[in-house]
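Q:
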Amino acid sequence: MTTNNERQRILIIPGMGCTPVEYCNWYSWLKEHLEKDPSGKFDVILEDMPDPHAARESYWLPFIRDTLKSDEKTILVGHSSGCEAIMRLIEKDKVRGVILVAACHTDLGDENERASEYYNRPWDWDVMRSNAGFIVQLHSPNDECIPVDEGRFVADKLKSEYLELPSRGHFMDDQLPEVLKVIREKCST
Numbered sequence: 089m090t091t092n093n094e095r096q097r098i099l100i101i102p103g104m105g106c107t108p109v110e111y112c113n114w115y116s117w118l119k120e121h122l123e124k125d126p127s128g129k130f131d132v133i134l135e136d137m138p139d140p141h142a143a144r145e146s147y148w149l150p151f152i153r154d155t156l157k158s159d160e161k162t163i164l165v166g167h168s169s170g171c172e173a174i175m176r177l178i179e180k181d182k183v184r185g186v187i188l189v190a191a192c193h194t195d196l197g198d199e200n201e202r203a204s205e206y207y208n209r210p211w212d213w214d215v216m217r218s219n220a221g222f223i224v225q226l227h228s229p230n231d232e233c234i235p236v237d238e239g240r241f242v243a244d245k246l247k248s249e250y251l252e253l254p255s256r257g258h259f260m261d262d263q264l265p266e267v268l269k270v271i272r273e274k275c276s277t
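Mapping of the sequence shown onto the working numbering: residues 89 to 277, in sequence order.
1) How far does the beta strand (DSSP E) with ASP131 in it extend, from its first residue to its last?
2) In this structure, does DSSP put ASN239 in helix, strand or coil?
3) So HIS193 and VAL242 are supposed to be a Cβ contact under 8 Å. How far apart are they, rounded?
4) My assumption, with CB atoms under 8 Å, is that LEU99 sits in contact with THR162. Please give the rounded CB distance.
5) Is the Cβ-Cβ distance between TRP114 and ASP231 less than 9 Å?
6) With the cut-off set at 9 Å, would you say GLN304 and VAL189 are in Cβ contact?
7) Could you please give the first and the last residue of the uninterrupted alpha helix (DSSP H) stretch that includes TYR115?
8) Are the beta-carbon atoms belonging to LYS180 and ASN219 less than 9 Å from one another?
9) With DSSP collapsed to three states, give me the class of ALA173.
10) Leaving out the 5 sequence neighbours to the left and right, which residues in its chain are closer than 6 Å to ARG97 when beta-carbon positions are compared?
11) For the beta strand (DSSP E) that ARG209 lies in, which residues bound it at each end?
12) To the nearest whole angstrom, what separates the beta carbons of SER158 and SER204, a pair I think is in contact under 8 Å?
13) On the DSSP letters alone, give me the boundaries of the alpha helix (DSSP H) that ARG95 sits inside.
14) I need the DSSP call for GLU252, collapsed to helix, strand or coil.
15) Beta-carbon within less than 6 Å of ASP136's beta-carbon, same chain only, minus the 5 sequence neighbours each way: which residues are those?
16) Name the residue from PRO210, GLU249, LYS124 whose alpha carbon lies nearest to the alpha carbon of LYS227.
17) Evaluate TYR111 with the Cβ neighbour count: other Cβ atoms within 10 Å of its Cβ, from every protein chain shown; 16 or more gives buried, anything less gives exposed.
18) Using only CA atoms, which one of GLY185, CYS171, ARG95, TRP213 lies nearest to GLU145?
19) Report back the beta-carbon spacing between LEU268 and LEU118 to the nearest angstrom; my notes put them in contact at under 8 Å.
20) DSSP state of LEU264, grouped into three classes?
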């Protein structure tokens, strides 16, 4: 929890291939709305990721830790491959909370996903749960990239607060008010 004087750091971790991030999906919209929040308490980090088209763990996790400065007070918001990066991160690192938008747990039979390095070992669900103060997850039954059963499986294993939103596809719209609402709710206490 942040104190009245302390600002809440939020990192937005994009999906594979999303570059430049400020022009992709809902990321800039969320950043802008949090920065303009009347509470004035949000510092939002949205940066282009290294290796954006392969999204390899060996590049992304050090970048999240060392450049973006994730720590136990940070809230991380991930989309698609950004979710898997966050999930691997919280196998080792404590964070205030995570929001996963269109998460999966397998490489979906895709060679590019397999090469990203996230799926080459079992997931440590118990450690992930213990390292995050909260876990909220969004998925849509008509996601054309990640089947909803993947999201449901992750939600079951993480025991996350799970929101299944109809007709949202892979969440590639230019706004995502549900994530804004979750962040405001989690930071209001």
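Quick reminder that beta carbons are idealized off the backbone N, C-alpha and C, glycines included.
A: On the basis of the data shown:
1) Here residue 131 refers to the residue found at position 43 when the sequence shown is read from its first residue. In the DSSP annotation of this structure, the continuous segment of the beta strand (DSSP E) that includes ASP131 starts and ends at 130-133.
2) Counting from 1 along the sequence shown, the entry for residue 239 is found at position 151. For clarity, residue 239 is Gly in the given sequence; the question names Asn instead. GLY239 falls in the helix class under three-state DSSP.
3) Along the sequence shown, read from residue 1 onward, the residue named residue 193 stands at position 105. Along the sequence shown, read from residue 1 onward, the residue named residue 242 stands at position 154. Going by Cβ atoms, the distance from HIS193 to VAL242 rounds to 5 Å, so yes, they are a contact pair.
4) Here residue 99 refers to the residue found at position 11 when the sequence shown is read from its first residue. Here residue 162 refers to the residue found at position 74 when the sequence shown is read from its first residue. So it is a contact: roughly 6 Å between Cβ atoms.
5) Here residue 114 corresponds to residue number 26 of the sequence shown, with the count starting at 1. Here residue 231 corresponds to residue number 143 of the sequence shown, with the count starting at 1. For the pair TRP114 and ASP231, the CB atoms are not nearer than the 9 Å cut-off.
6) A question about residue 304 goes unanswered here, because the residues of the chain that appear run from 89 up to 277.
7) The residue labelled residue 115 in the question sits at position 27 within the sequence shown. For TYR115, the enclosing alpha helix (DSSP H) covers residues 115-123.
8) Within the sequence shown, numbered from 1, the residue matching residue 180 stands at position 92. Within the sequence shown, numbered from 1, the residue matching residue 219 stands at position 131. Yes, these two residues count as a Cβ contact at 9 Å.
9) Residue numbering aside, residue 173 sits at position 85 when the sequence shown is read from its first letter. Of the three classes helix, strand and coil, the one that applies to ALA173 here is helix, per DSSP.
10) Counting from 1 along the sequence shown, the entry for residue 97 is found at position 9. Its chain contains ASP131, THR162 as the residues whose beta carbon lies nearer than 6 Å to that of ARG97, once the 5 sequence neighbours on both sides are disregarded; these appear in chain order.
11) Here residue 209 refers to the residue found at position 121 when the sequence shown is read from its first residue. From DSSP, ARG209 is part of no beta strand (DSSP E); its letter is neither H nor E.
12) Position 70 of the sequence shown holds residue 158. Position 116 of the sequence shown holds residue 204. Separation of the CB atoms of SER158 and SER204 is rounded to 19 Å, and the pair is thereby denied contact status at 8 Å.
13) Numbered from 1 along the sequence shown, position 7 holds the residue referred to as residue 95. Note, ARG95: premise wrong, no alpha helix (DSSP H); not H, not E.
14) Reading the sequence shown from its first residue, position 164 is the one you call residue 252. Here GLU252 sits in strand by DSSP.
15) Residue 136 sits at position 48 when you count from the first residue of the sequence shown. Excluding its 5 nearest sequence neighbours in each direction, ASP136 has C-beta neighbours in its own chain below 6 Å: THR107, PRO108, VAL109, listed in chain order.
16) For the purposes of this step, residue 227 is taken as residue 139 along the sequence shown, with counting starting at 1. One detail in the question is off: residue 227 reads as His in this sequence, not Lys. Residue nearest to HIS227 within the set PRO210, GLU249, LYS124 is GLU249 (criterion: CA-CA distance).
17) As a working note, residue 111 is residue 23 in the sequence shown. Exposed is the call here.
18) The residue given as residue 145 occupies position 57 in the sequence shown. GLU145 has its Cα closest to that of CYS171, out of GLY185, CYS171, ARG95, TRP213.
19) Counting from 1 along the sequence shown, the entry for residue 268 is found at position 180. Counting from 1 along the sequence shown, the entry for residue 118 is found at position 30. The C-beta distance from LEU268 to LEU118 rounds to 6 Å, short enough to fall under 8 Å.
20) Counted from its first residue, the sequence shown places residue 264 at position 176. Secondary structure of LEU264 (DSSP, three-state): coil.
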